[in-house]
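Have a look at the structure below before the remarks.
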Amino acid sequence: MRRFGTAILFLLLGLSVHTNEHTVPSLSGENKLFIITLDGLRWQEVFTGADSALCRNAEYNADVALTQALYWAPSPEERRKKLMPFFWNVIAAQGELYGNRTYGNKMDVANPYALSYPGYNELLTGTVDPTLFGNGKVANPNLTLLDFLAATHTYRGKVAAFASWDAFSYILNREKTNVYINSGFDNIQAASLTQTESLINHLQEGIEDKKNTRPDEITFLACKEYIQKKQPSVVLLALGGTDEAAHEKTYDRYLSQAANADRMIGELWQYLQTQPAYAGNTTFLITTDHGRGNSTKNWYTHGFFTKGSSQTWMALLGNGIRATGEQKKKQQQYQKNLKDLMLKLLAF
Ligand SMILES: [Zn+2]
């Protein structure tokens, strides 16, 4: 395992890597990258835990006393640890966390829309496409980092995406890409299914009220099974429960979805450390696609007209990452810069 030192900072300041196979000779395939997204999870909850006003509000919680028993503590440091123990016990000690605006450490989407599709497009292409302004199910005209990697000799058959939201079929352009995609309620299709894969298909078929987003637990299970079976090098795991719960104005469920995601990410990290193909050469980049409203009146929504919606965050852990924990330096970064960082992490 090699260390970046101060390299991360330089990368984020804009050193670019040309996204062409011939100009990235160091992509050996040895390094593994997991891009994990928690849809619309605010930096406020990541860095300060349960919001004091929101978790006491009977309009947004089925049982205020229970929400507080589970997630409340007097200090933000205790609250965030209660909500996301893997982030604050493991990543804070061994990795890096960006986006705590309390210290002026800012991260934002550069696209003005602050919706999901434009956010994921920005993250995965490293650019803002002004023509992608909604969440409509249109095939992405842009080449993503995953497309680029899956088209290289090194990563062919080694790039996979598991998403709770069914729009990822379009964001990643299923018709054109070599990326393996399992999104929404896609059944797992393979020449031979493992017992777990058959169970996942059976579970999904049993859900009658299928909306656009399946439960994150199923997405996670499908992803973990694929890792065991195929050992992919680059994985996108896109979780959606936080955004779903927020739009339904259920703060208690929004918190439990964040806690759930933290647990699954921790479980995945722990599993990978036991696997020779992944231990010591794997990096997690964990982020979101947009923020949400920053008041008790608008926390549940997001978009161009909702203040706070551009505000995001990022956590890094693993190969090439310093153990500098929570970043407290005044700084402004953008989601669009993360594509270059991801390429560097793979080439490192
Ligand atoms: Zn979203």
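One gets my numbering by counting positions in the sequence shown from 1 and adding 196 to each.
Beta carbons are placed, not taken as given, at the ideal position from N, Cα and C, and that holds for glycine.
Check, Outcome
"Just the C-alpha distance for THR348 and ALA261, rounded to the nearest angstrom, thanks.", "53 Å"
"What is the residue span of the beta strand (DSSP E) that SER379 lies within?", "376 to 379"
"What are the partner residues of LEU432, as DSSP defines its beta bridges?", "ILE231, ALA357"
"Count the other CB atoms within 10 Å of the CB of TYR467; is the residue buried (16 or more) or exposed (fewer)?", "exposed"
"Taking Cβ positions, are TYR267 and MET510 nearer each other than 8 Å?", "no"
"Nearest-angstrom Cα distance between GLU401 and PRO270?", "44 Å"
"CA-CA distance, PRO428 and ILE231?", "12 Å"
"Considering only C-alpha positions, which residue in the set ILE403, TYR496, LEU451 is nearest to ARG275?", "LEU451"
"Quick one: what's got a C-beta closer than 7 Å to GLU371's C-beta in the same chain, skipping five residues either side?", "ALA335"
"Please check the pair THR483 and THR508, which I expect to be a contact at CB under 8 Å, by giving their CB distance rounded to whole angstroms.", "6 Å"
"Could you tell me how far apart the beta carbons of ARG488 and ARG238 are, in whole angstroms, since I believe they sit closer than 8 Å?", "5 Å"
"On a Cα-Cα basis, can you pick out the residue from PRO308, THR492, ILE423, VAL431 that is closest to THR446?", "THR492"
"For GLN528, which of helix, strand or coil comes out of DSSP?", "strand"
"Let's see if you can read the secondary structure: which residues bound the alpha helix (DSSP H) around LEU512?", "Here LEU512 belongs to no alpha helix (DSSP H); instead the beta strand (DSSP E) covers 510 to 514."
"Taking three-plus beta-carbon pairs below 8 Å as touching, is the region 301 to 310 in contact with the region 339 to 355?", "no"
"Relative to the alpha-carbon of ASN374, which residue among SER394, ASP235, TYR351 has its alpha-carbon at the smallest distance?", "TYR351"
"Taking the alpha-carbon positions, what's the ALA454 to ASP247 distance?", "13 Å"
"Output the boundary residues of the beta strand (DSSP E) element that contains PRO293.", "Looking at the sequence shown, residue 293 is not Pro but Leu. It spans 292 to 294 - the beta strand (DSSP E) in which LEU293 sits, taken as one unbroken run."
"Is DSSP giving GLY315 helix, strand or coil here?", "helix"
"Based on the DSSP output, what are the partners of ILE482 in its beta bridges?", "ILE232, ALA511"
"With distances taken from CA atoms, which of ASN257, ALA265, GLU273, GLY315 is nearest LYS532?", "GLY315"
"Is it buried or exposed for LYS524, if we count other Cβ within 10 angstroms and need 16 for buried?", "exposed"
"Provide the residue(s) that pair with LYS302 in DSSP beta bridges, ordered along the chain.", "GLN528"
"Do the CB positions of SER506 and VAL324 come within less than 8 Å of each other?", "no"
"Would you mind reading off the limits of the alpha helix (DSSP H) that contains ASN397?", "391 to 402"
"Report buried or exposed for ILE517, applying the criterion of at least 16 other Cβ atoms within 10 angstroms of its Cβ.", "buried"
"Considering just the uninterrupted stretch of the alpha helix (DSSP H) at ASP439, what are its terminal residues?", "437 to 443"
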